[in-house]
Amino acid sequence: MNAAPSGFPDSDRRRFLRLAAAGGASVILSIAAGTAGQASALPTRVTAPASRTRVYVLVVDGCRPDEITSALTPRLAALRTAGTDFPAARSLPVMETIPNHVMMMTGVRPIRSGVPANSIYDRAESVVRDLDRPADLRFPTLLDRLRDEGFSTGSVLSKRYLFGIFGERATYRWEPSPLLPVTGHAPDNFTMDALIAMVDRVDPDFVFTNLGDVDRVGHSDVSGTTLQAARTTALRDTDNQVGRFVDHLVAAGTWESSVLIVLADHSMDWSIPSNVISVDQILAGRPDLRDRVAIAQNGGADLLYWTGPAGARDAGVAEIRGLVAAHPGVLSISNPADLRLGPEAGDLVAFCRTGWRFSDPWVASNPIPGNHGHPATEPIPFFIAGGSPRVLAGSSSQPARTIDVAPTVGALFGLPAPKGGYDGTARIDAFGA
Amino acid sequence: MAFAGAAATTAGATAGALPAQAAGAVVPGFLHGVASGDPLPDGILLWTRVTPSADAVPGSGVGADVAVKWEVAEDSGFHRVAARGSVITGAARDHTVKVAAHGLRPGTTYWYRFIVAGVTSATGRTRTAPAAGTAVQRLRMGVVSCANWQAGYFSAYRHLADRGDLDVVLHLGDYLYEYGPGEYQARDVVVRPHDPAVEMTTLSHYRRRHAQYKTDLELQALHAAVPFVVTWDDHESANDAWSGGAENHTEGVEGSWASRQAASQQAYAEWMPVRYEPGGHLYRRFSYGALASISMLDLRSYRSQQASNMVDPAIGDPARTLTGAAQMDWLLDGFSGAETQWKLIGNPVMIAPVRFPSTLSAREVGAVSQLLGSTTIDGVPYNVDQWDGYTADRSRVISHLRDNAITDAVFLTGDIHSSWACDVPADPLTYPSNGASVAAELVCTSVTSDNLDDILGTQPRTASVAVEEAFKAANPHVKYLDFDSHGFSVLEVTPGALRMDWYVLSDRTSRAATSTLSASWQVAAGTQAVSRVL
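Chains as they are written, first to last, in full-length UniProt numbering: chain X, 1 to 433; chain F, 1 to 534.
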């Protein structure tokens, strides 16, 4: 057992494992309290057992479906060809990282999980913040539900805020490191080192992995809408990392018992500097309204919260809706409940058009060209692959969504639906008898 | 679409070209075949026309009411009847019969027939649509448009009927033409004259013309073999029709447009296997499981008058419309709310922008202008009757597709007697550099109606080829173009890709015309772009 890695709060409920990783580095995992076995008792390497089914969800964060090609991402493309592709797959509102990862793991809409966006206005604390606390997620996830049924689970999440919200739900958790400044994520080669080390040594039945490079580079790609050179490089590298993982499973002899669900949480859209929407600016001439609204900016979406007197809410929100909707870059404004978002999403959700972005609470707050959260970023890659004989090859027209991951994985493990049922659908047409 | 010029000669009317009932056919009987259409998961629309007495000819307004029985069975021998009933028809609806059979099973082949006074019709074969949301691995449809009786024989329909592998036939309009003999035919030859021998302007005319087309045995064979999903373009009423008139309508001399349009729509409702009835709307949507939806547009009933030419600023006037507001809302809502992967649009006129190349000879410019009813101003869009003449409406569609990242939308188009495979650019100005496309457009050619080689008076695939290359150079999103061939298309839709095959006829004026696969283009799922297969 080791000390907690630096940068994360320690917990007396956690124990730590230090595992050898590629290149002589080490990977530190935390282990759920009560997990059987000590580090010293773990096998040095998995031996191929075969009757189990291992399921790995790989999220290529922010990847657009048209970016997976045999030329640019040959390993991902080969997996897609060999498995069942869902070309009609889409992300769900708000098309951001945290809510869609939560939907993958819960199988329910934000109105039930409490997680509608990356960034929300916390009325209790009177602050705009990320939903990155374990208590923000109010619904059981696959990571803990499978664990409760006797399966072992793992989380290998490259982004600090994802590790934050999923916290200690998995049996084995990698706490992302090293975290890059600004992006708050660990590079994919480190993430993949951790995933491989985890499956190599503790071999969970189910592992949830986020690869953050494609998204992080997409946000900051200064070549924006033209060359996207850095994005292309990231796609090639992430594809190599996925290839490493497949090769490892093959070498370990577990490929034939593995199912891979590969998808993105959202895609990406790029805007030019002049195509910026600032609700702060829109309301600049109406201080009576501006002073009574809080704005949680989510790139392609703004969540607006009425903070004025309750009696003035309806009229105030209606006025704000009209003023914001008149902006040429605004695509639509919805009531959160209509998008199956809960009260955490505020009073209005504004989406931008393709090629635009929100920048709030100030017009200079969001300088990055690559954004998501708006409907233009709904299409995602989503395919089910792997060496397991249960996986079929082909394409399906079914409207796969991020929320379908939990019921699909649950079906593979025979896990009962959570209380109240899933909002998603098990995509069992990817599997044979 | 428009055309210019008229034929100098006609081949002369012959008894054989007249409707069958005029030649003394046995009555009572079913002289115009049987048809089915508008498939739903639990039902199908069945059609026929009964001739109860020798004088009850189409358009006559004569003949007694008559009860017609109908049967739908799971086998061609009618041992397992799934639905049956009886319906009264009469002169008020030109003795046509339309039955909305329901209670059927989804994705199932059925046989149907009609019976009157002990006389049984031919047996038709049809198929219901798969249930909503179900997995469908393949949908195969025939795609046709622009069948001018006077310009040739309907061999395209025969070849489609002979395939035996189609789920549905999509007819994108110009199912029949309004002209009288000598006004529009195969180059200068009337292969077979229209009945009545005048331009159709009255209800009686429209009924007789529909009846004449329904006597064509090749069309009858296709109707009896496969359900149709149809929409009209302009020639079902008059050339370049709009909500208040038509290029080929002279107000007063040919009656009022309102009455002429109403007559054309009534005859269409009576004589076509379509659920539409006057007072309703023709635009409607069908779905085939989770695989595909088909939104059939009506781009004639609600449109503003065509602009005078493409430099007329009216083309971009947001107050002008091609679809009408209600149909536009319905179309866009259908994209956003689609629960199907492929969003197919039965689109009577072309939506991809097309600009006139500046490199053509005066003769070529004249010929293309005649074919397409176009302006001759270089470098500007060429056809004010297409979406190019209603750019505000087109922008609404393209913006909606783009802003909502609608995937797998494919426009299936007729009208212009030529074969095209195009991307629909998100922005034509930036398309050459970024290739950004929001949808694909696949245009089927005419069954018989004249096209470029016919107008140039040249052999097919000779002089037109250079014109096609010039059009593609001036319009980089146009990937495939054949200005000469006549024939039909077959569209195969699967979850992974959609493919259009273009089949060309050896000779539209020959009853024995053969067909040859000429080109094949696909749209891979998620790409919104066409690519060559063959």
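From the three backbone atoms N, C-alpha and C, an ideal C-beta is built for every residue, glycine too.
Model, not experiment: these values are computed from the prediction.
Given a cut-off of 7 Å, decide if residue j and residue i are closer than it, judged by their beta-carbon atoms.
| i | j | result |
| --- | --- | --- |
| Ile111 of chain X | Gly373 of chain X | no |
| Ala147 of chain F | Thr448 of chain F | yes |
| Gly346 of chain F | Leu176 of chain F | no |
| His210 of chain F | Trp149 of chain F | no |
| Ala440 of chain F | Val523 of chain F | yes |
| Val27 of chain F | Ser60 of chain F | no |
| Ile428 of chain X | Ala417 of chain X | no |
| Thr126 of chain F | Pro106 of chain F | no |
| Gly243 of chain X | Arg75 of chain X | yes |
| Met105 of chain X | His266 of chain X | no |
| Arg357 of chain X | Ser271 of chain X | yes |
| Pro428 of chain F | Pro353 of chain F | yes |
| residue 436 of chain X | Val57 of chain X | What the structure shows of chain X is the stretch from 1 to 433, and residue 436 of chain X is not part of that stretch, so it cannot be assessed. |
| Phe163 of chain X | Leu157 of chain X | yes |
| Ala161 of chain F | Leu222 of chain F | yes |
| Leu260 of chain X | Gly386 of chain X | yes |
In chain order, what residues of the same chain have a beta carbon less than 8 Å from the beta carbon of residue i, not counting five sequence neighbours either side?
| i | result |
| --- | --- |
| Thr89 of chain F | Val50, Asp65, Val66, Val68, His95, Thr96 and Val97 |
| Val276 of chain X | Gly329, Trp356, Arg357, Phe358, Ser359, Val363 and Asn366 |
If we cut at 7 Å on Cβ distances, does residue i have a partner in chain B?
| i | result |
| --- | --- |
| Arg340 of chain X | You won't find chain B in this structure, because its protein chains are X and F. |
Measuring only between beta-carbons, confirm whether residue i sits less than 7 Å from chain F.
| i | result |
| --- | --- |
| Arg331 of chain X | The amino acid occupying residue 331 of chain X in the given sequence is Leu; Arg does not appear at that position. Closer than 7 Å: yes. |
| Pro379 of chain X | yes |
| Asp429 of chain X | yes |
| Pro407 of chain X | no |
| Ser334 of chain X | no |
| Ile93 of chain X | Here residue 93 of chain X turns out to be Pro, not Ile, going by the sequence shown. Taking Cβ atoms only, chain F never reaches closer than 7 Å to Pro93 of chain X, which makes this a no. |
| Ala88 of chain X | yes |
| Arg15 of chain X | no |
| Ala417 of chain X | no |
| Ser397 of chain X | yes |
Report all residues from its chain with a CB closer than 7 Å to the CB of residue i; omit the five preceding and five following residues, and keep chain order.
| i | result |
| --- | --- |
| residue 536 of chain F | This structure gives no information on residue 536 of chain F, because the portion of chain F shown stretches from 1 to 534. |
| Asp347 of chain X | Leu304, Tyr305, Trp306 and Val317 |
| Glu199 of chain F | Glu178, Tyr179, Gly180 and Glu183 |
| Ser26 of chain X | Arg18, Leu19 and Ala20 |
| Val533 of chain F | Arg499, Ser520, Trp521 and Gln522 |
| Leu299 of chain F | Leu322, Thr323, Pro348 and Val349 |
| Glu74 of chain F | Arg80, Ala82 and Tyr110 |
| Tyr283 of chain F | Met296, Leu297, Asp298, Gln327 and Trp330 |
| Gly424 of chain X | Gly107, Arg401, Ile403, Asp404, Ala406 and Pro407 |
| Val467 of chain F | Leu360, Glu364, Val368, Leu452 and Phe483 |
Of all Cβ atoms in chain X, is any one closer than 7 Å to the Cβ of residue i?
| i | result |
| --- | --- |
| residue 540 of chain F | Because chain F in this structure spans residues 1 to 534, residue 540 of chain F falls outside the shown range and cannot be described. |
| Leu412 of chain F | no |
| Ser515 of chain F | no |
| Pro495 of chain F | yes |
| Arg402 of chain F | yes |
| Gly77 of chain F | no |
| Gln266 of chain F | no |
Less than 6 Å between C-beta atoms, sequence neighbours within five positions excluded: which residues of the same chain meet that for residue i?
| i | result |
| --- | --- |
| Pro43 of chain X | Note that Pro43 of chain X scores a pLDDT of 44, beneath 50, so its modelled location is shaky; the value from the coordinates is reported in the next line. Excluding sequence neighbours, Pro43 of chain X sits near nothing in its chain. |
| Asp174 of chain F | Ser145, Cys146, Asp233 and His235 |
| Ile398 of chain F | Val438 |
| Val34 of chain F | Thr48, Ser121, Ala122, Gly124 and Ala224 |
Under 6 Å: does the beta carbon of residue i sit that close to some heavy atom of the ligand GDP?
| i | result |
| --- | --- |
| Ala350 of chain X | For the structure depicted, the ligand GDP is absent and the ligand set is empty, with no information on it obtainable. |
Q: Select from the segment 437-454 of chain F all residues with a C-beta closer than 9 Å to any C-beta belonging to chain X, and list them in chain order.
A: none
Q) Of all the residues that make up the segment 51-80 of chain X, which are near chain F by a beta-carbon distance shorter than 9 Å? A) Pro65 and Asp66
(Q) Below 8 Å, how does it come out for the segment 488-496 of chain F and the segment 391-403 of chain X: are there three or more Cβ pairs, yes or no? (A) yes
Q: Would you check if the segment 288-307 of chain F and the segment 331-343 of chain F touch, i.e. whether three or more CB-CB distances between them fall below 8 Å?
A: yes
**Q.** Three or more C-beta pairs below 8 Å linking the segment 357-368 of chain X and the segment 319-328 of chain X
**A.** no
Q. Quick one, which residues of the segment 34-68 of chain F are near chain X if we go by CB-CB under 8 Å, in chain order?
A. none
Q: Return the residues of the segment 214-226 of chain F that lie within a Cβ-Cβ distance of less than 7 Å from chain X, sorted by chain order.
A: none
(Q) Closer than 9 Å between beta carbons: that is the criterion. Which residues of the segment 129-149 of chain F meet it against chain X? (A) Gly133, Ala135, Val136 and Gln137
Q | chain X contacts made by the segment 286-305 of chain F, where a contact means CB separation under 9 Å | A | Gly289, Ala290, Leu291 and Ala292
Q. Are the segment 418-430 of chain F and the segment 477-493 of chain F touching by the rule of at least three beta carbon pairs closer than 8 Å?
A. yes
Q) Is the segment 184-204 of chain F touching the segment 150-167 of chain F, taking contact as three or more C-beta pairs under 8 Å? A) yes
Q: With 8 Å as the limit, tell me which residues of the segment 348-372 of chain X have their beta carbon closer than that to any beta carbon of chain F; keep them in chain order.
A: Arg353 and Thr354
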